[in-house]
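Q:
Residue numbers (full-length UniProt numbering), protein chains in the order written: chain A, 1 to 385; chain B, 1 to 385.
(1) Run down chain B in chain order and give the residues with a C-beta less than 8 Å from the C-beta of residue 225 of chain A.
(2) Thinking C-beta only, is residue 174 of chain A closer than 7 Å to residue 353 of chain B?
(3) So who's on the other strand from residue 312 of chain A, going by DSSP bridges?
(4) Below 6 Å CB to CB, which residues in the same chain sit around residue 39 of chain B once its five sequence neighbours on both sides are set aside?
(5) Does DSSP put residue 216 of chain A in a helix, a strand or coil?
(6) Assuming residue 389 of chain B is part of the alpha helix (DSSP H), what are its boundary residues?
(7) Whose C-beta lies closer than 7 Å to the C-beta of residue 285 of chain B among residues of the same chain, with five residues either side of it excluded?
(8) Which residue's Cα is closest to the Cα of residue 324 of chain B: A/126, A/62, A/41 and A/76?
(9) In or out: residue 250 of chain B buried (at least 16 other Cβ within 10 Å) or exposed?
(10) In terms of residue numbering, what span does the beta strand (DSSP E) encompassing residue 94 of chain B cover?
(11) Say whether chain A places a C-beta atom closer than 7 Å to the C-beta of residue 196 of chain B.
(12) Please list the residues of the segment 315-344 of chain B that have a C-beta atom closer than 8 Å to any C-beta atom in chain A, keeping them in chain order.
(13) Nearest to residue 152 of chain A by CA position, among B/117, B/225 and B/98, is which residue?
(14) Under the three-state reduction of DSSP, which class applies to residue 274 of chain B: helix, strand or coil?
(15) Looking only at DSSP bridge pairs, what is residue 51 of chain A linked to?
(16) Quick test of the definition: if touching needs 3 or more C-beta pairs under 8 Å, does the segment 23-32 of chain A touch the segment 256-264 of chain B?
(17) Identify, in the order they occur along the chain, each residue of the same chain with its Cβ nearer than 6 Å to the Cβ of residue 1 of chain B, setting aside the five sequence neighbours on each side.
(18) If the cut-off is 7 Å on Cβ atoms, which residues from the segment 126-152 of chain B count as contacting chain A, listed in chain order?
(19) Starting from the beta carbon of residue 5 of chain A, find every residue of chain B whose beta carbon is closer than 9 Å, and list them in chain order.
(20) Output, in chain order, the set of chain A residues within a Cβ distance shorter than 8 Å of residue 173 of chain B.
(21) If residue 4 of chain A and residue 182 of chain B are in contact, beta carbons under 8 Å, what's the gap, nearest whole angstrom?
(22) Please list, in chain order, all residues of the same chain as residue 388 of chain B whose beta carbon is under 6 Å from its beta carbon, the five residues on each side excluded.
(23) Pick helix, strand or coil for residue 328 of chain A, following the three-state DSSP scheme.
(24) Residue 216 of chain B and residue 20 of chain A - do their beta-carbons sit closer together than 7 Å?
(25) Do residue 326 of chain A and residue 156 of chain B have their beta-carbon atoms positioned less than 7 Å apart in this structure?
(26) Inspect the CB distances between the segment 236-243 of chain B and the segment 296-306 of chain B and report whether three or more fall short of 8 Å.
(27) Along the segment 202-214 of chain B, where does the CB come closer than 7 Å to a CB of chain A? Name the residues.
(28) Quick check: is the beta carbon of residue 354 of chain A nearer than 7 Å to any beta carbon in chain B?
(29) Thinking just about the alpha-carbon of each residue, which of B/339, B/111 and B/312 is nearest to the one in residue 91 of chain B?
(30) Just to confirm the assignment, what range does the alpha helix (DSSP H) spanning residue 197 of chain A have?
(31) Over the uninterrupted alpha helix (DSSP H) stretch that includes residue 112 of chain B, give me the two end residues.
(32) Using the Cβ count rule (16 or more neighbours within 10 Å means buried), how would you classify residue 103 of chain B?
(33) Taking Cβ positions, are residue 26 of chain B and residue 176 of chain B nearer each other than 7 Å?
(34) The alpha helix (DSSP H) that contains residue 291 of chain B, what's its start and end?
(35) 7 Å is my cut-off, CB to CB: does residue 348 of chain B come that close to chain A?
Put into structure tokens, the structure is as follows:
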């Protein structure tokens, strides 16, 4: 792939999700990603189900198009090779517990002194500073501790986890963002930066609304099911056959919605005349709307509301979302090859950043076998001597 | 603030959440953000509760430190002023429906011809291409249609919305990422790019695991409550007083957990000996663990598990998360000033990207009044003539 980062080399020591996701994002922008894995099994997700012909579909989805070399960073020969790679890299990414890179002799201070242009990106559970720097974390721990779970779930029931691994993925996205900012700056200063991203921090970062509410009102918001806490109607509604979503975010849309549903009297009812009133009476409003929506299938209402310009949508499972014509047209699910040359052995997310003048392929090369690119990488190092 | 983008000027035509969030991210990296608002009321979120002294806490949380100028892009005098701003800007951001900028005479092709270095970032519901380009969308519509809701909620019950507005925020993060990549590239080519981000695309992008599962197994995953679908124990557990989270993601951690809980026999029980077995028997495992955890308060178990190095955590509401010592130490909730000079009138998320050599302030300047920076902006334009 070509792209803005086509001359950039990323040395990626990360495993599991947050770091590999950041590296995938940089790869989708054109960077060459060299995945440095430990020799005994490599990235943990290589062992995560589901498998096809021995390759993890999960690993394939986030490591497509990367190269792999297995290195034992405690063994002298491998350290020498790693140091040759460092000298050629623009970016090094790691998600060890804070302190591990220092013990290996590859902490930021050391690397920055030796390779002033190198950008160092670290992602960890709680970050490299603060009283709990160094503690391990998983996605769910930061979803819980960072407040995301407290606003997700049904009113009056236990909170639930966000089905997307947003603890890892938000952190991976912020890591990619920080690395890109550092790459830009390096063009002007010639110097790299250390980028330190904590999964816990990433959870607070995606909750601006809930933080503002808590501070101004003094009350932390709770879960509100499918309903938006402040806007109505902005919820799921039952049609004859299944649930669907209506998001009529302002008075004009609400009035239009009432017209379409034959509920014109609601638009002038003081209980529903303003968004604030509608939000207060959201449960009653939902029932009134459903007396109509229950009479026809969701497809009928989606078509009628769509024509009227009222934001609405089906609730799609992943099979439906992956086959959605708009998703397909935007190449948001890509075919991923396997080592045997089957071009569509796996599937994963495409590139959500569409750039003018850059091809946006609907296919991706295979994810690497552990240490599968050692020879290619060695030849590349030798050629540059 | 200083930062990697300290010389960058962003002309921000966006409103509500996705676009303003992207602009906030660029601002936190040091860019100057000039928010161009429509004269009649400006950004819709200025009218969103909760308020303090007439200012929306929600608006303040995502627009802190930006400058505001009100311009009617259909009026000649304001267009002339806007064009002077365009000539000085590095980036223009917009989240109109696709086609609106073209009608105003400010489409990408026109702007790129006139200002080849200008980077153009657009965020919309469904993107600028595909059969449904141009349709409106809100956060919940893309959460529903993109598959995130289908994996969020309790098993056997209706899906719920992710409490964080992840439909908007993921799109805003990808927009910032695309703009940063284009800024880097422009240093080398001298040319800007158009960055087209769709909220729907962003939802697929954060679901690599679910997409891989659906493709390899043929079955789309459903919601699994608080439990991770593939890893166990990775769930909420009842203590004597409240729920908390244990995330023992591999055999070594599970074995350690069994030791700490006095449930050593589980570690060798074939029903729980491997992660695959534990995931299959997750409900039974949860009950066995809770027979122990129910006997003491959550604080006890968190302290005991922490000492043993087992990932765990409290489920915190926003008030708790905002006061969390690690969150406070990392400046992940910042005080935001108001126009009257109260330094802590509002609060919002801090910067999750910690950069070596860059100050990471725990305070932010006020969000602007509508058109509040017109004079400053005009003087700046005049000074550069």
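Glycine included, each C-beta is placed from N, C-alpha and C at the ideal position.
None of these values were measured; they are calculated from a predicted model.
A: Result, derived from the coordinates:
(1) By Cβ distance, chain B contributes 158, 160 and 161.
(2) Yes, the pair counts as a contact, with Cβ atoms nearer than the cut-off.
(3) Residue 312 of chain A pairs with A/246.
(4) Cβ neighbours of residue 39 of chain B beyond the five flanking positions: 70 and 72.
(5) Correct three-state label for residue 216 of chain A: helix.
(6) Because residue 389 of chain B is not part of the residues shown, which for chain B are 1 to 385, the question remains open.
(7) So the qualifying residues of the chain are 232, 233, 272 and 278.
(8) Comparing C-alpha distances from residue 324 of chain B to each of A/126, A/62, A/41 and A/76 shows the shortest one belongs to A/126.
(9) Of the residues assessed, residue 250 of chain B falls on the exposed side of the cut-off, its CB having fewer than 16 other CB atoms within 10 angstroms.
(10) Bounds of the beta strand (DSSP E) holding residue 94 of chain B are 91-94.
(11) So yes, residue 196 of chain B belongs to the interface.
(12) From the segment 315-344 of chain B, only 315, 316, 317, 318, 319, 320, 321, 322, 324, 325, 326, 327, 329, 330, 332 and 333 have a Cβ closer than 8 Å to chain A.
(13) Checked all of B/117, B/225 and B/98; the closest Cα to residue 152 of chain A is B/225.
(14) In the three-state reduction of the DSSP assignment, residue 274 of chain B falls in the coil class, being assigned neither a helical nor a strand state.
(15) Note: residue 51 of chain A sits in a beta bridge opposite A/56.
(16) Judged by pairs of C-beta atoms under 8 Å, the segment 23-32 of chain A does not touch the segment 256-264 of chain B, as fewer than three such pairs exist.
(17) Any reading at residue 1 of chain B needs caution, since the residue's pLDDT is 45, under 50, leaving its predicted position unreliable; the model's value is listed next. The answer, listed in chain order, is 30.
(18) The segment 126-152 of chain B vs chain A, Cβ under 7 Å: 126, 127, 129, 130, 131, 132, 136, 137, 138, 140, 141, 144, 145, 146, 147, 148, 149, 150, 151 and 152.
(19) What residue 5 of chain A touches in chain B: 181, 184 and 185.
(20) Going along chain A in sequence order, the residues near residue 173 of chain B (Cβ under 8 Å) are 170, 173, 174 and 177.
(21) The pair is a contact, with the Cβ atoms about 6 Å apart (cut-off 8 Å).
(22) Here chain B covers residues 1 to 385 and nothing more, so residue 388 of chain B does not appear.
(23) When DSSP states are grouped into helix, strand and coil, residue 328 of chain A belongs to the helix group.
(24) A distance of 7 Å or more separates the beta carbons of residue 20 of chain A and residue 216 of chain B.
(25) The Cβ-Cβ distance between residue 156 of chain B and residue 326 of chain A does not fall below 7 Å.
(26) The way I'd put it, the segment 236-243 of chain B does touch the segment 296-306 of chain B; three or more beta-carbon pairs between them come closer than 8 Å.
(27) Going along the segment 202-214 of chain B in chain order, one finds 202, 204, 205, 206, 207, 208, 209, 210, 211, 212, 213 and 214 with a Cβ nearer than 7 Å to chain A.
(28) Judged by the 7 Å Cβ criterion, residue 354 of chain A is in contact with chain B.
(29) Nearest Cα to residue 91 of chain B within the set B/339, B/111 and B/312: B/111.
(30) Membership of residue 197 of chain A in any alpha helix (DSSP H) is not indicated; the residue belongs instead to the beta strand (DSSP E) covering 194-198.
(31) For residue 112 of chain B, the uninterrupted alpha helix (DSSP H) run begins and ends at 108-114, by DSSP.
(32) Taking all protein chains in view, the Cβ of residue 103 of chain B is surrounded by fewer than 16 other Cβ atoms within 10 Å, so the residue is classified as exposed.
(33) Inclusion of residue 26 of chain B and residue 176 of chain B in the CB contact set at 7 Å is warranted, their separation being smaller than that value.
(34) Run containing residue 291 of chain B: 282-293, per the alpha helix (DSSP H) assignment.
(35) Put simply, the CB of residue 348 of chain B is near chain A, with a gap under 7 Å to one of its CB atoms.
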